[in-house]
Amino acid sequence: MKHINNLERRDFLKLGALGSLSYFVPSFLNFSLAQNAEPHFFLQLTVTAGFDWTYLFDSKPLEMTKNGLQSNYFAQEPIPWTGANGGVCLTSPAAQPLKPYFQDFSVLNGVMMSTSFDGHIQNLQYLYTGNPFGGDVYTPHFNRAGDTYPLDGLQSGFKFADAYTNFDATIPLDVNSAKNLVSELKKRPPMDPSDLRYRYLMSRFLANGQGAGQFSQGSLNMAEAFGQSPNLVNKLRQVQFGENTKEFVQVASEFFKHGIIKSVIIEEGDLTIDTHDIVNAKAMVKTSVKIADKIAKLIKHLKTTPFNDHKSLMDVTTFVVTSEFSRSMRQIRKPIDDTGTDHNQFSNTVLVGGKGIKTGCIFGASDFNSSSEELSKAHLSLDALKLKAFAKPFDHRTMKVRQDLPEVLDVADYMTYSHFANTLFKLYGVSKDHYRTIDRNGTLASTLDGLLT
Amino acid sequence: MKLKIFTFSIFLLISASVMAVLSSAQFQGYVAINNVLKYRLFQEDNDFNFGKFIASDDLGRLLGFYSGDGNSSGFQNGNPNATNMAIWSLGFSSLGIWLAHACDPTPFEDKTFQQLDPLVLQSVRNFCQWPSAKSRNKKNLGQLWDLFVNYDAPESEYVAWEKYMLMNELKAKSPEGIIEEAVVTMLLNPHFLLRK
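Same order as they appear, the protein sequences are chains X and L. In short: position in the first sequence from 1, add 24, done, that's the working numbering. In short: position in the second sequence from 1, add 1, done, that's the working numbering.
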């Protein structure tokens, strides 16, 4: 609900008084502000339930499996990839079909999530809001004042977390619902703010918004939302779905093209990746291939779908693939060839590509890359049993992995998701008022400028 | 101890921000409004489902609904946004067009339509001669309002609505058009849709 911030509440109350006297509502209530010239969309695929990134882009040497430290049901030596920036990561067999697309994205390994909590909800909320307890999701902030997208975004999924405070204009809409809605709206005339009915209804919302209580605020919210409806309805009426529109990402693309949304979050929760149990842990050999296939299809879709005569969707979209956390290397008291894995919020992986992103690179790393590696005291303070890989310290300015071994945990030493989110904020020109902090003193997480073109 | 105080402070901070968001009334939601219409406009044991009028049952989830999946639960999508306002508008418009079959010269062969409360049906039929004075009068408008909106809204809302419906500009509407107009403008009202 970005627009209401542009108008003081007292302005709305004045308009309410006006509305109670007249049906003639000022045209600026339609919020038809100038569209920013260059479109820049955002698409995020979140593989929910905690994806084990050792099965794609943060694999560990087979030697560690032989020494009982890292479960690996592929039982194959991982394959090193080297990025254009000289960064290196080990990849699993499942990642290899993504090699042809490596120039389209960068890999961020050793991304620290919430240090204090290891639950799904807590880390999803940390991912989206910067706080394990929830708050403002970062994607609606991409839809800045000045844009005329009637909705912040579309979402698919969101089964786990709901403590979001700015998500009213990011709506869940599946393929069939979107098709039906567009079809029905096309049967109606365009929505016209100068229409008598529109003005009457707006006058009632405003007239009832003059009190100080919850009801009045709700009525004002209806006025604001109704003010945006013509823009939405008339853009939806232009959407053309084909018989081949069967995937959510196709709906999202159409909504991008018609200027309806700025962002999309797809939560992929169909596959059993929360592999505490041994059966699903062993099935990661197949599950990771399916996840890689979904990522490949997503990138291919962005590259091959035209946005206009000159640009593909990839040219105008930044995309992110991640999970709320990765997974532990093994479980305690389980044999290495018969173990599940638990949550590991200390070292996640993010894939990022598209508009404004330096691609083909590998930034950051997790530790514990050999059975003889010395682990930092900071690591051991939170993982005394050595069950989890930990992010390596990171120089945010040079974008290089640091080789020192911190004695105490200070999140400023690492690349956290908050650093990444602030980088996206910078990319989208979001006000620093929304930047995430990394400590209780309100220190802003620095941006990863070397990730941006 | 310091960590506990910090955690508690964070909790209070978040609670405060969540409360700030919740300090405006949300929609009653899809199920609540469906039930109001079902019991207010129809005879007992009817098949009414508002989902039929909003293109898809699934879209009802965008109008405010309770969800729970074992991990979390709560009232979702209850705050007004451009989408749910458009869907309410679409739904009430479709309902109005459907009710306008009351003016069909032959009985409308629709099971749910035939389950309409006779008084509701008659109050809708009162508008079949619009804009003649027999239809376009305060008595008919008052009867329709009382059946649809009932005591949900204060009298001032009725007064505003009556004034609107009697505007000269609406004289040109067909009977079907005025029924649709009446239904949309009665029901797309904060007193009908919002929690109080």
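Glycine included, C-beta positions come from ideal geometry on N, C-alpha and C.
Query                                                                                                                                                                                   : Result
So what does GLY177/X bridge to, in DSSP terms?                                                                                                                                         : THR194/X and SER287/X
With the cut-off set at 9 Å, would you say ILE290/X and ASP128/X are in Cβ contact?                                                                                                     : no
From the beta carbon of GLN144/L, is the nearest beta carbon of chain X less than 9 Å away?                                                                                             : no
Does GLN116/L have its Cβ less than 9 Å from a Cβ in chain X?                                                                                                                           : no
Check whether the stretch 98-113 of chain L touches the stretch 173-187 of chain L, counting contact only when three or more Cβ pairs, one atom from each stretch, lie closer than 8 Å. : yes
Is there a Cβ from chain L that is less than 9 Å from the Cβ of LEU295/X?                                                                                                               : no
So is ASP147/L in contact with chain X if we call contact Cβ pairs under 9 Å?                                                                                                           : no
Going by DSSP, which residues form a beta bridge with TRP105/X?                                                                                                                         : CYS113/X
Relative to the alpha-carbon of LEU295/X, which residue among ALA236/X, ASN304/X and VAL288/X has its alpha-carbon at the smallest distance?                                            : ASN304/X
Is there at least one Cβ from chain X nearer than 9 Å to ASP1/L's Cβ?                                                                                                                   : Given a span of 2 to 197 for chain L in the structure shown, any question on residue 1/L remains unanswerable.
Between the stretch 52-60 of chain L and the stretch 222-240 of chain X, can you find at least three pairs of beta-carbon atoms closer than 8 Å?                                        : no
For MET439/X, name the three-state secondary structure that DSSP assigns.                                                                                                               : strand
Which chain X residues sit within Cβ distance under 8 Å of GLN27/L?                                                                                                                     : GLY242
Could you tell me which chain L residues have their CB closer than 7 Å to the CB of ASN245/X, listed as they occur along the chain?                                                     : SER25, ASN80 and PRO81
In its own chain, which residues sit with a C-beta less than 8 Å from the C-beta of LEU167/L, not counting the 5 before and 5 after it?                                                 : ARG137, LYS139 and LEU142
Sort PHE43/L, GLN27/L, SER68/L and SER24/L by Cα distance to LEU120/L and report the nearest one.                                                                                       : PHE43/L
Please return the same chain residues whose Cβ sits closer than 8 Å to the Cβ of TYR459/X, not counting the five positions on each side in sequence.                                    : ASN446, PHE449, LEU468 and ALA469
Any beta-carbon of chain X closer than 9 Å to the one on VAL22/L?                                                                                                                       : Bear in mind that the predicted position of VAL22/L carries a pLDDT of just 49, short of 50, making it too unreliable to give a figure here.
Using only the alpha-carbon positions, how far apart do PHE184/X and PHE76/L sit?                                                                                                       : Its pLDDT being 49, under 50, PHE184/X is placed unreliably in this model, and the value from its coordinates should be taken loosely. If you take the alpha carbons of PHE184/X and PHE76/L, they lie about 14 Å apart.
Counting only C-beta atoms, is ASP198/X closer than 9 Å to chain L at any point?                                                                                                        : yes
Just the C-alpha distance for ALA108/X and ASP366/X, rounded to the nearest angstrom, thanks.                                                                                           : 33 Å
Quick one: what's got a C-beta closer than 6 Å to VAL22/L's C-beta in the same chain, skipping five residues either side?                                                               : Reliability of the predicted coordinates at VAL22/L is poor, the pLDDT of 49 falling under 50, and the value obtained from them is presented with this limitation in mind. Cβ within range, chain order: n/a, list empty.
To the nearest angstrom, report how far apart LEU188/L and PHE93/L are at their CA atoms.                                                                                               : 7 Å
Helix, strand or coil for PRO330/X, going by three-state DSSP, please let me know.                                                                                                      : strand
Taking only the alpha-carbon atoms, compute the straight-line gap between SER277/X and VAL199/X and give it to the nearest angstrom.                                                    : 12 Å
Give me the DSSP bridge partner(s) of TYR67/L.                                                                                                                                          : PHE76/L
Assign GLU267/X to one of three DSSP states: helix, strand, or coil.                                                                                                                    : coil
Here's the rule I'm using: 16 or more other beta-carbon atoms within 10 Å means buried, otherwise exposed. How should ALA173/L be labelled?                                             : exposed
Would you kindly work out how many angstroms separate the C-alpha atoms of ILE356/X and PHE141/X, rounded to a whole number?                                                            : 19 Å
Who pairs with THR346/X in a beta bridge, going by DSSP?                                                                                                                                : THR70/X
Examine chain L for any beta-carbon lying closer than 9 Å to the beta-carbon of PHE392/X, and answer yes or no.                                                                         : no
Where do the N-terminal and C-terminal ends of the alpha helix (DSSP H) with SER227/X fall, by residue?                                                                                 : 220-231
Could you please give me the residues that DSSP links to TYR188/X through a beta bridge?                                                                                                : GLY159/X
Going by DSSP in three states, THR373/X sits in which element: helix, strand or coil?                                                                                                   : strand
Which of the three DSSP states is assigned to GLY242/X in this structure?                                                                                                               : helix
Pick helix, strand or coil for SER352/X, following the three-state DSSP scheme.                                                                                                         : coil
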